[in-house]
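Chemist: Top line first, the protein sequences correspond to chains D and L.
Going by this note's numbering, the residue at position 52 of the first sequence is 52; the numbering climbs one at a time, nothing skipped.
Going by this note's numbering, the residue at position 7 of the second sequence is 271; the numbering climbs one at a time, nothing skipped.
Using N, Cα and C, we set each Cβ at its ideal position, and we do this for glycine too.
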Amino acid sequence: MKIAVCIKQVPDTEARLRVAPDGRWIDEADVPFVINESDEYALEEGLKLAETTGGEVIAISLGPERVREALRKALALGASRAVLLANTAFRGGDALADGRALAAAIAREGCDLVLTGSQSDDQGFGATGTVVAGHLGWPHAWLVMGVEVEEGGASLQVTREMESGTNEIFRMALPAVLEIQAGINHPRYASLKGIMAAKKKEIAEPSPADLGLQESEVGAAAARLEVLSVGFPESAAAAQILEGDAVSAAKKLVGLLQGEARVI
Amino acid sequence: MTTRIWAVLQQREGKLHRMGWEAIAAAQRLADELGGSAEAVLLGSEIGDLAREAAGHDLAAVRTADHPLLAGYTPGGYVATLAAAIGAERPDFVLFPHTYQSVEYVPRLAQAIGAALVPEAIGFERGEAGLVWRRPILTGKMQARVRTRGAGPVLVSLQSGAFSADSRRPGSAGVAPLPVELGAADLGREVLGVEQAGGDQVDLSKAEVIVAVGRGVGGADKLAPVQELAALLKAEIGASRPVIDAGWLPRDRQIGSSGQTVSPKLYLALGISGAIQHLVGMKGSTVVVAVNKDAGAPIFKVAHYGIVGDLHEVVPALTAAVRESRAAG
Ligand SMILES: Cc1cc2nc3c(=O)[nH]c(=O)nc-3n(C[C@H](O)[C@H](O)[C@H](O)COP(=O)(O)OP(=O)(O)OC[C@H]3O[C@@H](n4cnc5c(N)ncnc54)[C@H](O)[C@@H]3O)c2cc1C
Chain D
1 MKIAVCIKQV PDTEARLRVA PDGRWIDEAD VPFVINESDE YALEEGLKLA
51 ETTGGEVIAI SLGPERVREA LRKALALGAS RAVLLANTAF RGGDALADGR
101 ALAAAIAREG CDLVLTGSQS DDQGFGATGT VVAGHLGWPH AWLVMGVEVE
151 EGGASLQVTR EMESGTNEIF RMALPAVLEI QAGINHPRYA SLKGIMAAKK
201 KEIAEPSPAD LGLQESEVGA AAARLEVLSV GFPESAAAAQ ILEGDAVSAA
251 KKLVGLLQGE ARVI
Chain L
265 MTTRIWAVLQ QREGKLHRMG WEAIAAAQRL ADELGGSAEA VLLGSEIGDL
315 AREAAGHDLA AVRTADHPLL AGYTPGGYVA TLAAAIGAER PDFVLFPHTY
365 QSVEYVPRLA QAIGAALVPE AIGFERGEAG LVWRRPILTG KMQARVRTRG
415 AGPVLVSLQS GAFSADSRRP GSAGVAPLPV ELGAADLGRE VLGVEQAGGD
465 QVDLSKAEVI VAVGRGVGGA DKLAPVQELA ALLKAEIGAS RPVIDAGWLP
515 RDRQIGSSGQ TVSPKLYLAL GISGAIQHLV GMKGSTVVVA VNKDAGAPIF
565 KVAHYGIVGD LHEVVPALTA AVRESRAAG
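Now the structure itself:
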């Protein structure tokens, strides 16, 4: 199976966040970036499926040049090629614009299956993979916690998470788009050999025209959602913060839980 | 022309999802704000009773898409039905509860009909910039103010609890059907069954005290001091999702939207940032204590008491303080 895996690079969850001078996004200077959590699981699932079906994984990402590092990591883990949509025309899109661009890049590759994460830890739209499916005209599923290729290779049995601890199981025809939920597998680590091999693998960088798209169809030009400003939620702390070093704060807390709150 | 606002309700096996009431409240507020009318929309099979329940609100109408192939939810069935209905009726805004169901199909609906999409809105206001929505970014650590551009309907999903169901106005609305044309080929999947995810050996819903760990605990090998504190407090251990995904604790310890919902007397959150998917599982707790090294962590917004610090220092200190006070007790 030829599998496209869409990955996004996002700020590390531990990153110190500051608002950028223009107020419309975070200041990315000094922020460590990592592969989005659920995308790592999507990549692992793609690599596993490629191994069992004798196929290959193509890693695709939309983002600025720094994203090369994330794609290199995907190549080191076992993807055979990568595609980076870093042309400035792709910047500033929403899920609808980015989904269109990614779908066009995938269509050019002629894949049987597309895997994405279920939600990004930066914008958190939870929508881009679904929009990709819409553009390709393929069935899709969100929050996938299990994938099995059925006999004959024309369909999948998919396990999907639902609210409060239940899963739904269904059959889907291929080609399809699956948006993978964190926890579906145990992502591998890159080997030294993989890291060396990745250096020789290709990262293509198509422009909108290469994908058969107008510049007006992608990025900020096509986005239907415009960010006016970002900021921290007001009243960050409703909690009574107990000051002091660990020992004195702990003593105060235990006193309050026994006295005021009466819960221990 | 007045602005038309739809609230699409969610139902399953003869019951309306409580977040549908929040969507009705939001639709009524938006209608007040923009001088428009609010309607509720319900999809399913043999949903007359549910439609009558929804009709007990101040709405211009309840519209029902009633069809055997809508008996169970499928993204294909819902997208095809709503795309046709929106195309024919031209509502300006369509509001959805932001649930595992709607997140799966609403983006595809937006793509199919050329609508703008505002995922997971937590509020709106009208000002110089027009109608501005607020939504969480960076897993709830920050928020963005956004507005939509271009013509056509705007689809908005509403985060759980963002609009209070109690604020919805009762009334009496008529029920009117929406035409549905569906074939089995539209559904996009063949549902085979439902299973319990990862076992339900541990029932945390009855626990009086829960000590919950997040990614900040740093590894399975660092759990011993937490377990010691939990034993001392006769507490159950709980965890955020990444702890489970990493295999540090079994799946039946997970608390949150895809885990268990708990309401203990005391909930101790150690190294948990406080993402909405975690908060929905524990916000019913009587007293919440958060220990986190980041003073800006959203968990401090729902906590009653907080300690800003390294949990690896605070947890042993708490154990010692409990022992000391009991010895003195
Ligand atoms: C559809 C969906 C369903 C989900 N369902 C759930 C669910 O059911 N339950 C759930 O919990 N999540 C769920 N999530 C994931 C959720 O969005 C968050 O990613 C998750 O809750 C974050 O877990 P965390 O707080 O442990 O980790 P992080 O967000 O990484 O936070 C770790 C925290 O630990 C602090 N920290 C680090 N080191 C220390 C230290 N030494 N001492 C003190 N503090 C420290 C950091 O400051 C940080 O605040 C779901 C996500 C999706 C998309």
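(1) Cβ-heavy atom distance between H281 (chain L) and ligand 1 below 7 Å?
(2) Who sits around ligand 1, taking every residue whose Cβ is closer than 5 Å to one of its heavy atoms?
(3) What whole-angstrom Cβ distance do L143 (chain D) and R171 (chain D) have, given they're in contact under 8 Å?
(4) Can you give the Cα-Cα distance for A190 (chain D) and A59 (chain D), rounded to whole angstroms?
(5) Rounding to the nearest angstrom, what Cα-Cα distance links P400 (chain L) and I386 (chain L) in this structure?
(6) Could you run through the segment 451-467 of chain L and flag, in chain order, every residue whose CB is less than 7 Å away from some CB of chain D?
(7) Against S207 (chain D), what residues of chain L qualify as contacts under a CB-to-CB distance less than 7 Å, listed in chain order?
(8) Taking only beta-carbon positions, decide if P139 (chain D) is within less than 8 Å of chain L.
(9) If you draw a straight line from the C-alpha of S61 (chain D) to the C-alpha of A499 (chain L), how long is it?
(10) If we ignore side chains and look at the alpha-carbon of each, how far apart do G340 (chain L) and T267 (chain L) end up?
(11) Quick one: residues in its chain with C-beta nearer than 7 Å to the C-beta of D121 (chain D), no 5 flanking neighbours on either side, listed in chain order?
(12) Could you tell me the alpha carbon to alpha carbon distance between K486 (chain L) and I519 (chain L), rounded to whole angstroms?
(13) Report yes or no: is there a C-beta of chain D within less than 8 Å of the C-beta of P383 (chain L)?
(14) Anything in chain D within Cβ reach of L582 (chain L), meaning under 8 Å, just list it in chain order.
(15) Within the 8 Å Cβ cut-off, does G124 (chain D) reach chain L?
(16) Using a Cβ cut-off of 9 Å, which residues of the segment 359-374 of chain L contact any Cβ in chain D, in chain order?
(17) Is the beta carbon of F360 (chain L) closer than 8 Å to that of S366 (chain L)?
(18) Could you pull out every unbroken alpha helix (DSSP H) segment of at least 4 residues lying fully inside the segment 323-388 of chain L, listed in chain order?
(19) What residue range does the alpha helix (DSSP H) around H542 (chain L) cover?
(20) Do you know offhand how far R372 (chain L)'s Cα is from A393 (chain L)'s?
(21) Hey, which unbroken runs of the beta strand (DSSP E) at 3 residues or more fall wholly within the segment 53-136 of chain D?
(22) So P11 (chain D) is in the alpha helix (DSSP H); what residue range does that whole segment cover?
(23) Using a cut-off of 7 Å between C-beta atoms, extract the partners of E577 (chain L) located in chain D.
(24) Which residues, in order along the segment 217-238 of chain D, keep a beta-carbon less than 8 Å from a beta-carbon of chain L?
(25) When you compare each of L:M406, L:T345, L:L334, L:L543 to S424 (chain L) by their alpha carbons, which one comes out closest?
(26) Quick check on this structure: which residue in D:A246, D:A42, D:A222, D:Q119 has the alpha carbon closest to the alpha carbon of R188 (chain D)?
(27) What are the boundary residues of the alpha helix (DSSP H) that includes V230 (chain D)?
(28) Any idea what DSSP makes of V263 (chain D), helix, strand or coil?
(29) Give me the chain D residues within the contact set of V526 (chain L), using Cβ-Cβ distance strictly less than 8 Å, ordered along the chain.
(30) For G303 (chain D) and Q375 (chain L), which I take to be in contact (beta-carbon distance under 8 Å), what is that distance rounded to the nearest angstrom?
(31) Leaving out five residues before and five after W138 (chain D) in sequence, what residues of the same chain have Cβ atoms less than 6 Å from its Cβ?
(32) For M145 (chain D), report the span of its beta strand (DSSP E) as first-last.
(33) Using 8 Å as the limit for Cβ to Cβ distance, is E161 (chain D) near chain L?
(34) Less than 8 Å between C-beta atoms, sequence neighbours within five positions excluded: which residues of the same chain meet that for A197 (chain D)?
(35) Could you name the residues that DSSP lists as bridge partners for H321 (chain L)?
(36) Would you call the segment 420-440 of chain L and the segment 290-307 of chain L touching, i.e. three or more CB-CB distances under 8 Å?
Modeler: So, from the data block:
(1) Here residue 281 (chain L) is taken as the residue at index 17 of the second sequence, counted from 1. Outside the cutoff, so no.
(2) D:T13, D:Q119, L:G478, L:R479, L:G480, L:S504, L:R505, L:P506, L:G520, L:S521, L:S522, L:G523, L:G535, L:I536, L:S537, L:A539, L:Q541, L:H542, L:N556, L:K557, L:D558, L:A561, L:D574, L:L575
(3) As a first step, residue 143 (chain D) must be located in the first sequence, where it is residue number 143. As a first step, residue 171 (chain D) must be located in the first sequence, where it is residue number 171. About 17 Å; that fails the 8 Å criterion.
(4) Start at 1 with the first residue of the first sequence, and residue 190 (chain D) comes out as number 190. Start at 1 with the first residue of the first sequence, and residue 59 (chain D) comes out as number 59. Approximately 15 Å, taken between the alpha carbons.
(5) To locate residue 400 (chain L), count along the second sequence from 1; it is residue 136. To locate residue 386 (chain L), count along the second sequence from 1; it is residue 122. Looking at the two C-alpha atoms, the distance is approximately 7 Å.
(6) G452, R453, E454, V455, L456, G457, V458, E459, Q460, A461, D464
(7) Numbered from 1 along the first sequence, position 207 holds the residue referred to as residue 207 (chain D). What S207 (chain D) touches in chain L: nothing, since even the nearest Cβ is about 23 Å away.
(8) Looking up residue 139 (chain D) in the first sequence gives position 139. It does; some Cβ of chain L falls within 8 Å.
(9) Along the first sequence, read from residue 1 onward, the residue named residue 61 (chain D) stands at position 61. Along the second sequence, read from residue 1 onward, the residue named residue 499 (chain L) stands at position 235. Roughly 44 Å between the two C-alpha positions.
(10) Reading the second sequence from its first residue, position 76 is the one you call residue 340 (chain L). Reading the second sequence from its first residue, position 3 is the one you call residue 267 (chain L). Using only the alpha carbons, I get a separation of about 28 Å.
(11) Mapped onto the first sequence, residue 121 (chain D) falls at position 121. V10, T13, N36, E37.
(12) Along the second sequence, one-based indexing puts residue 486 (chain L) at 222. Along the second sequence, one-based indexing puts residue 519 (chain L) at 255. The alpha-carbon atoms of K486 (chain L) and I519 (chain L) are separated by roughly 20 Å.
(13) Taking the first residue of the second sequence as 1, we reach residue 383 (chain L) at position 119. Interface flag for P383 (chain L) against chain D is set, since a Cβ pair is found closer than 8 Å.
(14) Here residue 582 (chain L) corresponds to residue number 318 of the second sequence, with the count starting at 1. Those are A250, L253, V254, listed as they occur along chain D.
(15) As a working mapping, residue 124 (chain D) is identified with position 124 in the first sequence. Answer yes: the Cβ-Cβ gap between G124 (chain D) and chain L drops below 8 Å somewhere.
(16) H362, T363, Y364, Q365, V367, E368, Y369, V370, P371, R372, L373, A374
(17) One-based indexing of the second sequence puts residue 366 (chain L) at position 102. One-based indexing of the second sequence puts residue 360 (chain L) at position 96. Cβ distance < 8 Å, so S366 (chain L) and F360 (chain L) count as in contact.
(18) 339-353, 364-377
(19) The sequence position of residue 542 (chain L) within the second sequence is 278, counting from 1. Taken as a continuous stretch (DSSP letters only), the alpha helix (DSSP H) holding H542 (chain L) covers 540-546.
(20) To locate residue 372 (chain L), count along the second sequence from 1; it is residue 108. To locate residue 393 (chain L), count along the second sequence from 1; it is residue 129. Using only the alpha carbons, I get a separation of about 28 Å.
(21) 56-62, 81-85, 113-117
(22) What you label residue 11 (chain D) is simply residue 11 of the first sequence in a count that begins at 1. Run containing P11 (chain D): none in the alpha helix (DSSP H); it sits in the beta strand (DSSP E), 9-11.
(23) Residue 577 (chain L) sits at position 313 when you count from the first residue of the second sequence. Chain D residues near E577 (chain L): A246.
(24) A223, R224, L225, E226, V227, L228, S229, V230, G231, F232, P233, S235, A236, A237, A238
(25) Numbered from 1 along the second sequence, position 160 holds the residue referred to as residue 424 (chain L). For the residues L:M406, L:T345, L:L334, L:L543, the minimum Cα distance to S424 (chain L) belongs to L:L543.
(26) In the first sequence, counting from the first residue as 1, residue 188 (chain D) sits at position 188. When only C-alpha atoms are compared, the closest one is D:A42.
(27) Against the first sequence, residue 230 (chain D) aligns to sequence position 230. Premise fails: V230 (chain D) lies in the beta strand (DSSP E), 225-231, not in any alpha helix (DSSP H).
(28) Residue mapping note: residue 263 (chain D) aligns to position 263 of the first sequence, counting from 1. V263 (chain D): coil per DSSP, three-state reduction.
(29) What you label residue 526 (chain L) is simply residue 262 of the second sequence in a count that begins at 1. Neighbours of V526 (chain L) on chain D: none; closest Cβ ~11 Å, over 8 Å.
(30) Because residue 303 (chain D) is not part of the residues shown, which for chain D are 1 to 264, the question remains open.
(31) For the purposes of this step, residue 138 (chain D) is identified with residue 138 of the first sequence, where counting begins at 1. Excluding residues within five positions, the ones whose Cβ falls inside 6 Å are P175, A176, V177.
(32) Start at 1 with the first residue of the first sequence, and residue 145 (chain D) comes out as number 145. Looking at the DSSP string, the run of the beta strand (DSSP E) that includes M145 (chain D) is 140-149.
(33) Taking the first residue of the first sequence as position 1, residue 161 (chain D) is located at position 161. It does: the Cβ of E161 (chain D) has a partner Cβ on chain L nearer than 8 Å.
(34) Looking up residue 197 (chain D) in the first sequence gives position 197. Excluding residues within five positions, the ones whose Cβ falls inside 8 Å are L75, A76.
(35) As a working note, residue 321 (chain L) is residue 57 in the second sequence. DSSP, once it has assigned bridges, lists L:P434 as partnering H321 (chain L).
(36) yes
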